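Residue numbers (the numbering used here), protein chains in the order written: chain A, 196 to 497; chain B, 196 to 497.
There are 2 protein chains.
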Amino acid sequence: MTETARSATHPAASPLRVAAVQSNPQVGLVNKEANVAATLDQINKCASEGARLIVLPELAGTGYSFDTREEAYAHAEPVPAGPTCTQWIELAGRLDVYIVAGIAEIDGVHLYDSAVLIGPDGFIGAYRKTHLWNREKLLFTPGSAYPVFETRIGRIGLLICWDIWFPEVPRILTAQGADLICSVNNWVWTPPPLFDHAGNCMAGYLTMGASHVNSVPIIAANRVGEERGGTFLGCSVITGVNGWPSAGVADAEKEEILYADVDVVASRSAVVWSELNDLPRDRRVDLYDPLLGYTGGRPKVR
Amino acid sequence: MTETARSATHPAASPLRVAAVQSNPQVGLVNKEANVAATLDQINKCASEGARLIVLPELAGTGYSFDTREEAYAHAEPVPAGPTCTQWIELAGRLDVYIVAGIAEIDGVHLYDSAVLIGPDGFIGAYRKTHLWNREKLLFTPGSAYPVFETRIGRIGLLICWDIWFPEVPRILTAQGADLICSVNNWVWTPPPLFDHAGNCMAGYLTMGASHVNSVPIIAANRVGEERGGTFLGCSVITGVNGWPSAGVADAEKEEILYADVDVVASRSAVVWSELNDLPRDRRVDLYDPLLGYTGGRPKVR
Numbered sequence: 196m197t198e199t200a201r202s203a204t205h206p207a208a209s210p211l212r213v214a215a216v217q218s219n220p221q222v223g224l225v226n227k228e229a230n231v232a233a234t235l236d237q238i239n240k241c242a243s244e245g246a247r248l249i250v251l252p253e254l255a256g257t258g259y260s261f262d263t264r265e266e267a268y269a270h271a272e273p274v275p276a277g278p279t280c281t282q283w284i285e286l287a288g289r290l291d292v293y294i295v296a297g298i299a300e301i302d303g304v305h306l307y308d309s310a311v312l313i314g315p316d317g318f319i320g321a322y323r324k325t326h327l328w329n330r331e332k333l334l335f336t337p338g339s340a341y342p343v344f345e346t347r348i349g350r351i352g353l354l355i356c357w358d359i360w361f362p363e364v365p366r367i368l369t370a371q372g373a374d375l376i377c378s379v380n381n382w383v384w385t386p387p388p389l390f391d392h393a394g395n396c397m398a399g400y401l402t403m404g405a406s407h408v409n410s411v412p413i414i415a416a417n418r419v420g421e422e423r424g425g426t427f428l429g430c431s432v433i434t435g436v437n438g439w440p441s442a443g444v445a446d447a448e449k450e451e452i453l454y455a456d457v458d459v460v461a462s463r464s465a466v467v468w469s470e471l472n473d474l475p476r477d478r479r480v481d482l483y484d485p486l487l488g489y490t491g492g493r494p495k496v497r
Numbered sequence: 196m197t198e199t200a201r202s203a204t205h206p207a208a209s210p211l212r213v214a215a216v217q218s219n220p221q222v223g224l225v226n227k228e229a230n231v232a233a234t235l236d237q238i239n240k241c242a243s244e245g246a247r248l249i250v251l252p253e254l255a256g257t258g259y260s261f262d263t264r265e266e267a268y269a270h271a272e273p274v275p276a277g278p279t280c281t282q283w284i285e286l287a288g289r290l291d292v293y294i295v296a297g298i299a300e301i302d303g304v305h306l307y308d309s310a311v312l313i314g315p316d317g318f319i320g321a322y323r324k325t326h327l328w329n330r331e332k333l334l335f336t337p338g339s340a341y342p343v344f345e346t347r348i349g350r351i352g353l354l355i356c357w358d359i360w361f362p363e364v365p366r367i368l369t370a371q372g373a374d375l376i377c378s379v380n381n382w383v384w385t386p387p388p389l390f391d392h393a394g395n396c397m398a399g400y401l402t403m404g405a406s407h408v409n410s411v412p413i414i415a416a417n418r419v420g421e422e423r424g425g426t427f428l429g430c431s432v433i434t435g436v437n438g439w440p441s442a443g444v445a446d447a448e449k450e451e452i453l454y455a456d457v458d459v460v461a462s463r464s465a466v467v468w469s470e471l472n473d474l475p476r477d478r479r480v481d482l483y484d485p486l487l488g489y490t491g492g493r494p495k496v497r
């Protein structure tokens, strides 16, 4: 049954127009005001196109490539009291939209690579990236939880970039009832090739696979452009509950906004894999102990 | 660094030519002898092309779509004493090759959807499918372990078809030191579309993703053709340690054999994701408790 067919039978159906913003912020304090102003323009544009949930990339208001810890501190803001969040909150209220965006968060001495979720009534919550990439480890403290947020438009899980290399993360979010996952990214280099002949990158396929095996739409916003020698891969994508792209794959180099309609009815319906299969029930949690125990130790070969 | 560059520096390097056989057996006792004879022809052909490890599909000697439990009993054989295994063992010894193939196994009253691993010196071991698809649940007993087998050509993990929808399985196999994974399949219908414009199916992308995030080559053999109203999807693929296809994606409808060279040196080298990333060490096993606890119960929404 298609998502549309299901929705038609459900009075509680709430098809939701979502947007993934593929943007190009630039690091450096001198650029921050322009970066944040660009996010406000992008959010306004998405809302004018009817999007109710708008997803921006990781570190959308600051750029990514902080040279030093001091530079990261200089860019970071308290969440939600800082100036960037304050502007996003004001705009979400005015436009009656939900915003997910990456931000450099400061909390006491700690810096986090975070994603905030903001709604028409204000700040809802934040996720602090749990799997840190490369030099992020020298700047940020890793997060320690996978929250799923109940909102008027559904239950929303968040993940950030390198997290998608760990299939455990989308599994945990959907196990907690996430209706959709917002994936906030600055995808960079992976073991080559970076792209296939279809123009997709491996992170795009990881997103599709995670969406498919968890029967959950994923709205993945990545950035483009170059910054201090690093190149970002674009390829933003919005997947349906079946894992295939509903919008995108976006270009590798150009700024672009993707739109798609997702429906929480599809996320809350059992996917009819077959007459006798229900994927969550088919999980063999009785056999998955090694997932917890393994930390890179020596192989257990029989 | 490429796999080739690494190998050149390792005297213990043993590049291994592998083959994935995309075949078309037909269910029904009257066809069994011809099915098994076809596997022997395919194995001979692969060996003549230099393959040392030859992977055949799920239920390669019997076909898939047993109508009744009685019919499944009639096709099943003890492992490794039954006639099909006996012929595979004889041939592996004569050709000095390793064979992985799906078989209907009987052990007392139990039927298993199994994959056997056979080497030049005889039977090495079997894996019994742990995640059963659709009417398999009415025929087979699910397996209860994820063995990894030490062999002269490396450590080999096995999985069967629906298993790849559970990212837990390749994670567990590589956590135990698998150098390569043999994926033995009868891929059928998934939530549509079945194929994308690149001609790949979602199972192909799941294979690529599992290979990539676990830095392990996967040799995935699927079947083609129709059987009692079911259609199989082909799209066999052999991935490199980076997750991208080394051979394939194979055709959706035609019988075909894929060949590629894999190298256990690549599997045992730390993949240089970045200066500061080692994927297995980056796993947050301290946070993955929900993976074990979740069995489809009510959501824990914060």
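C-beta: ideal position from N, C-alpha, C; glycine also. Since the structure is predicted, the reported quantities are computational estimates derived from the model, not experimental observations.
Residue range of the unbroken alpha helix (DSSP H) whose run includes residue i
i	result
alanine 310 of chain B	Careful: alanine 310 of chain B lies outside any alpha helix (DSSP H), inside the beta strand (DSSP E) at 305-314.
proline 365 of chain B	363-370
valine 278 of chain A	Per the sequence presented here, residue 278 of chain A reads as proline, with valine not at that position. From DSSP, the alpha helix (DSSP H) with proline 278 of chain A extends over 278-290.
cysteine 377 of chain B	Per DSSP, cysteine 377 of chain B belongs to no alpha helix (DSSP H); it is in the beta strand (DSSP E), 375-379.
glutamate 265 of chain A	264-270
leucine 353 of chain B	Element bounds for leucine 353 of chain B: not the alpha helix (DSSP H) but the beta strand (DSSP E), 349-355.
Contact check, residue i vs residue j, beta carbons under 7 Å
i	j	result
valine 231 of chain B	threonine 279 of chain B	yes
leucine 312 of chain A	alanine 242 of chain A	no
asparagine 395 of chain B	valine 444 of chain B	yes
phenylalanine 335 of chain A	isoleucine 284 of chain A	no
alanine 299 of chain B	histidine 326 of chain B	no
alanine 405 of chain A	proline 440 of chain A	no
serine 260 of chain B	arginine 418 of chain B	no
leucine 482 of chain A	lysine 332 of chain B	no
alanine 442 of chain B	isoleucine 433 of chain B	yes
alanine 393 of chain B	alanine 393 of chain A	yes
alanine 415 of chain A	isoleucine 355 of chain A	no
lysine 324 of chain B	aspartate 308 of chain B	yes
Interface residues of chain A facing residue i [CB-CB closer than 7 Å]
i	result
serine 469 of chain B	Trp328 and Asn329
leucine 474 of chain B	Trp360
lysine 332 of chain B	Leu471
glycine 404 of chain B	Tyr400, Leu401 and Gly404
First through last residue of the beta strand (DSSP E) which encompasses residue i
i	result
serine 218 of chain A	Unbroken run through serine 218 of chain A: none, as it is neither H nor E.
glutamate 451 of chain B	451-457
threonine 402 of chain B	Unbroken run through threonine 402 of chain B is the alpha helix (DSSP H), 397-409; no beta strand (DSSP E).
glutamate 345 of chain A	343-346
glutamate 331 of chain B	It is not in any beta strand (DSSP E) - glutamate 331 of chain B instead sits in the alpha helix (DSSP H) that spans 331-334.
isoleucine 294 of chain B	293-302
glycine 317 of chain B	317-323
alanine 415 of chain B	413-416
Check: residue i C-beta below 6 Å from any heavy atom of the ligand HEM
i	result
isoleucine 348 of chain A	The ligand HEM is not part of the structure shown, which contains no ligands of any sort.
Neighbour list for residue i in chain B, Cβ cutoff strictly below 7 Å
i	result
proline 386 of chain A	Asn437 and Val466
threonine 325 of chain A	Arg479 and Leu482
Backbone secondary structure at residue i - three-state DSSP
i	result
leucine 211 of chain B	strand
aspartate 391 of chain B	coil
asparagine 472 of chain A	strand
aspartate 446 of chain A	coil
cysteine 430 of chain A	coil
arginine 478 of chain A	coil
tyrosine 483 of chain A	coil
alanine 246 of chain B	coil
threonine 541 of chain B	Limits of chain B in this structure are 196 at one end and 497 at the other, which puts residue 541 of chain B out of reach.
tryptophan 360 of chain A	helix
alanine 461 of chain A	helix
glutamate 253 of chain B	coil
Chain-ordered chain A contacts of residue i [CB-CB under 8 Å]
i	result
tyrosine 259 of chain B	Residues of chain A passing the Cβ test: none, with the nearest at roughly 13 Å.
histidine 305 of chain B	Ordered by position in chain A, no residue passes the 8 Å Cβ test against histidine 305 of chain B, which lies about 17 Å from the chain.
valine 408 of chain B	Trp360, Phe361, Pro362 and Leu401
Chain-ordered chain B contacts of residue i [CB-CB under 9 Å]
i	result
alanine 393 of chain A	Asp391, His392, Ala393 and Asn395
serine 309 of chain A	In chain order: nothing, as chain B lies at least about 16 Å away.
histidine 270 of chain A	Neighbours of histidine 270 of chain A on chain B: none; closest Cβ ~20 Å, over 9 Å.
Chain-ordered chain B contacts of residue i [CB-CB under 8 Å]
i	result
isoleucine 238 of chain A	Ordered by position in chain B, no residue passes the 8 Å Cβ test against isoleucine 238 of chain A, which lies about 25 Å from the chain.
Cβ pair count under 8 Å reaching 3, the region 394-412 of chain B against the region 362-377 of chain B: yes
Quick check: the region 338-355 of chain B against the region 233-241 of chain B, are at least 3 beta-carbon pairs closer than 8 Å? no
Is the region 250-266 of chain B in contact with the region 281-298 of chain B, if contact means three or more CB pairs nearer than 8 Å? yes
Is it the case that the region 420-433 of chain B contacts the region 377-391 of chain B, given that we only count it when at least three CB pairs across the two stretches are under 8 Å? yes
If you pair each beta-carbon of the region 342-349 of chain B with each one of the region 460-477 of chain A, do three or more pairs fall below 8 Å? no
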